[in-house]
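Structure first, commentary second.
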Amino acid sequence: MPSPLNSEGKKLSKPSASDARRSDDRSALWRAMRTFPFREPEYRSRRVAGKAAFLLLLGASAIFGIMVGLLLVYSINLPQMADLERYRPSTTTELYDIHGKVFGSFALERRVVVPYSDFPPVLRDAILSIEDKDFESNSGINMIRMVGAAWHDMHSARRSQGASTLTMQLARNLFLSSEKTYGRKVQEIFLTLQIERHFTKSQIFTLYANQIYLGRGTYGFEAGSEYYFSKHVRDLTLSEAALLAALPKGPESYSPVRFPDRALKRRNLVLSEMFSDHKITAAQAEAAKAEPLGLHLEAPANIEAPYFVEEVRRQLEAEYGVDEVHGAGLRVYTTLDLDLQHVAEKSVLDGTAAYERRHGWKGRLQNVLGPDGDLDSYKHADWTQPFIDGAYFHALVVSVSATKMVVKIGQQLETMATPDWAWTATFKATDLVQVGDIVYVKVIAPAGGTPRVVLEQDSGAQASMMAMDNANGEVLAMVGGRDFAISQFNRATQAQRQVGSSFKPYVYTAAFEAGAKPYDTIVDGPTSFYTPNGPYTPHNYEANFRGTMTLIDAFAESRNIPALKLADRVGIKKVIEVAHRFGITSNMPNFLPVAIGAADISLAEQVAAYSVFPNDGIRIAPHYIRKVSQADGLPLEQKTPEVKEVISLETARQMMLLLQSVVQQGTAAAASQMKHPFGGKTGTTNSYTDAWFIGFSPSVTCGTWIGFDNRQSLGDKETGAKAALPMWMDFMKVAVAGRPNEQFSKFNAPKKQLEVPMAQPSVEQAKPAHRDEDTDDDTDKTQSAPSPVPSNDTPDDDAPAKPAAGPTAKGPAKASSKTHVAVRPR
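Using full-length UniProt numbering, read the sequence shown as starting at 1 and increasing by one per residue.
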């Protein structure tokens, strides 16, 4: 038989024996690999089976090693569950007034931690229906959802399919980033399993519900409920609970503030899921879907008493640090009386508005229309305030005709008619404003009536007020300017302004310590004082002289010549030393015009100093905080206020006669109509740049100031009695309303007892200064008087003008470590 041929026609050779054996070996190996290890292999050689087993075990070991390595890589540095057990989320620090009302807060993350029992069943059902239906039964990982999500991610351009359970979301939010990678997912799974082993389901839910971000700076469902609905989470309705449960998926994407349509659809999806899970009935679902979003947004933080809140923040951060103040959930019990604070704010705003009206319409309004401005996008900073009776706003003019002016405040439009701007003496609105102008308005909201606005004016005049409790130094109210939204500069604590005749109490105190008496006489007549720069010849505010008069009358009428003579007699250095004892920290030059107010002092220092007189010579440093406690209620160490006796009882009682005379028959006689015991002193500076009144009742000391930041004149005859005193009276009417029977101590009554904390048991008692009976001039002759010689026509018997300057910042007075007599510890 012929040999077989190949495709080229050549004869094929017969396979050799070695080739046959190799082919058999390969076939046997292949059969072994296909059958191992599921059934008894049919090997032709044990040697082949050994090789197959070795290769398979080697591959399995390699895969196992790789897996172990990956597990070690992704599990290293993961937090321990002990860390979670000690975990304390960043919470909101809250400020309380003396009545226990919250009026301010500090927070890096706005969060209010509440227990599991505070989350109502309707909210728990809503969250679980949309986020994790099997939360109660799963082990923290939903394998079906994970496999589905993985399949989706493998066949999509990006990883967008979520599969996280509630516990996985908690692990990610607490310890991991939001980066979507497989490595982060592995770590998330590890943490989830640990959390599930160490905590109960209710504990896990509580951690989640207090941690999750809900948009607008709020974390946790309690804070979210307070922000979006102005209520506690336990009071949520079905539709409200569904809306909050809709937010964790995308707090910004589904924001009910920015995207209400998206939020509504997402909320309705939550309601549908709740119905599918048999958590609610069909009727309940449909009724809830028919409801609007129903937002009642919480007012922005710290719009109440903003200047006071800033002072508290500075003090807290200095004592405890920024992180502790903004993240530890402190409870700060302040000295603020919120009711009196509202009165103080109204008094300042009404007082400056009255001043503005006295000086007529000035115009010069800002207009927002221009290359980059339009009516629709404009928002003013003070539009966040509540629209209530007595509130003042900067409003945008959107329409104007001869008899009508339409202005925009926030999202609402208000219409003004001719009577609402009658005080301007301009009949046509078109002669006052144009579209795009920013005007200043006041809200008039009578009880049971429709609110309306009337035109006011903001020409730049500023005012401040501060009130403190005489008995303990607690600051009850503080206003640092007309509008915190526009200017955060606190004119009560940071501005140093010329004080005019309100400086004279320190002059008379120095005179009494040197031996003078209230009913001693002094000549109010023409005189000159010699200085290195020439003679200084002052005049009184009135262009006359009273001749011989008692010190008490000279003080009440605020005569300049007697005050300068007393300062010259005791020495201006001694007068300045007395002022420093009262807590005045300003650096005052040793020249005579300081005696009638040529010194820059803050309102806060003046108020604290004046409280010495009704306190029988004891000065208690003003303070803003009663106590601070941690979130768990444990108190933090708190500094006690400085308490010291700066003048003797006798001197204090003598000065009280003078200060009361100012109200009884002097420059502040208008306050006598209130039929209450008061004392105080007016102050007005040269050219009427500053107007003051600092006064007190037996229980409260209050000071007011009005002026311009650029030190321009307030206008002719704008004295302390005219511009500042009315604001003080409006406040004090309310401050003393509940104390009709209080009286100042009689001249021979025992020393007043004050209930304040004692820092140390040491005792130090002030003594009258040794009477200076020599004839030498105690004025420092090496200190030149200012040149040129001060002006002679100083209003309200106040200081000559100094070079104009803007408001300057001032640091706090140094605290003393001593405590003094006539103080009863509480």
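Even glycine gets a Cβ: it sits at the ideal position worked out from N, Cα and C.
All figures in this text were calculated on a predicted structure; none of them were measured in a lab.
In this structure, the CA atom of Q743 is about 26 Å from the CA atom of G583. Look at the beta carbons and you see the stretch 112 to 119 not touching the stretch 261 to 269: under three pairs across the two are nearer than 8 Å. In the DSSP secondary-structure assignment, V406 is bridged to S399, T415.
Here L191 carries a helix assignment [DSSP, helix/strand/coil]. Secondary structure in the stretch 430 to 518: the beta strand (DSSP E) runs of 3 residues or longer, each lying completely within the stretch, are 438 to 444, 452 to 456, 461 to 469, 475 to 479 in chain order. Around the beta-carbon of D690, 16 or more other beta-carbon atoms lie within 10 Å, marking it buried. Looking from the CA of G370, the closest CA among G360, I127, M478, G436 belongs to G436. For S105, the secondary structure class from DSSP, reduced to helix, strand or coil, is strand.
Selection F259, L269, A556 evaluated against A245 yields L269 as nearest (Cα-Cα).
Taking C-beta atoms as the reference points, V756 and P641 count as a pair closer than 8 Å.
If you check the CB distance, T165 and F190 do not come in under 8 Å. Put simply, of E298, K504, S239, L338 the residue whose alpha carbon is nearest the alpha carbon of A290 is S239. Remark: C-beta atoms of A668 and G695 approach each other more closely than 8 Å.
Here V612 has F582, I618, R619, V646, I647, A652 as same chain residues with Cβ atoms under 8 Å from its own Cβ, once five neighbours each way along the sequence are excluded. Counting only the Cα atoms, M655 lies some 8 Å from P505.
With a cutoff of 8 Å on beta-carbon distance, A328 and T93 are scored as near each other.
By the Cβ test, the stretch 452 to 470 is in contact with the stretch 420 to 427, since at least three Cβ pairs between them sit closer than 8 Å. G679 and Q660 do touch by the CB rule: their CB atoms are close to 4 Å apart, below 8 Å.
The Cβ atoms of I195 and A171 lie closer than 8 Å to each other. A residue is called buried once 16 or more other Cβ atoms fall within 10 Å of its Cβ, and L297, having fewer, is exposed. Each residue's CA atom was taken as its position, placing M274 and K133 some 10 Å apart.
Across the set N533, Y530, N540, F512, the C-alpha of N540 shows the shortest separation from the C-alpha of V523.
Annotation for P256: Y228, L243, A263, L293, L295 place their beta carbon closer than 7 Å to its own, counting only its chain and skipping 5 residues before and after.
For A223, the enclosing alpha helix (DSSP H) starts and ends at 221 to 229. Residue environment analysis places F106 among the buried positions, since at least 16 neighbouring C-beta atoms fall within 10 angstroms of its C-beta.
Shortest Cα-Cα distance from A485 to any of Y378, Q385, P446, V443 involves Q385.
When secondary structure is reduced to three states using DSSP, P641 falls in the coil class, being assigned neither helix nor strand. Beta-bridge partners assigned by DSSP to W361: none are found.
The Cβ-Cβ distance between Q169 and P89 does not fall below 8 Å. In the DSSP annotation of this structure, the continuous segment of the alpha helix (DSSP H) that includes R314 starts and ends at 306 to 320. Y307 is the residue among V407, Y307, R314 whose C-alpha sits nearest the C-alpha of V479. Put simply, of L95, L108, S713, L349 the residue whose alpha carbon is nearest the alpha carbon of D323 is L108. The C-beta separation of D568 from F529 comes to about 6 Å, placing the pair in contact by the 8 Å criterion. Assigned with DSSP and collapsed to three states, Y208 falls in helix.
One thing to note: V499 has its Cβ within 8 Å of the Cβ of W692. Within the same chain, Cβ atoms closer than 8 Å to the Cβ of S230 are found at H296, L297, E298, the five residues on either side in sequence being excluded.
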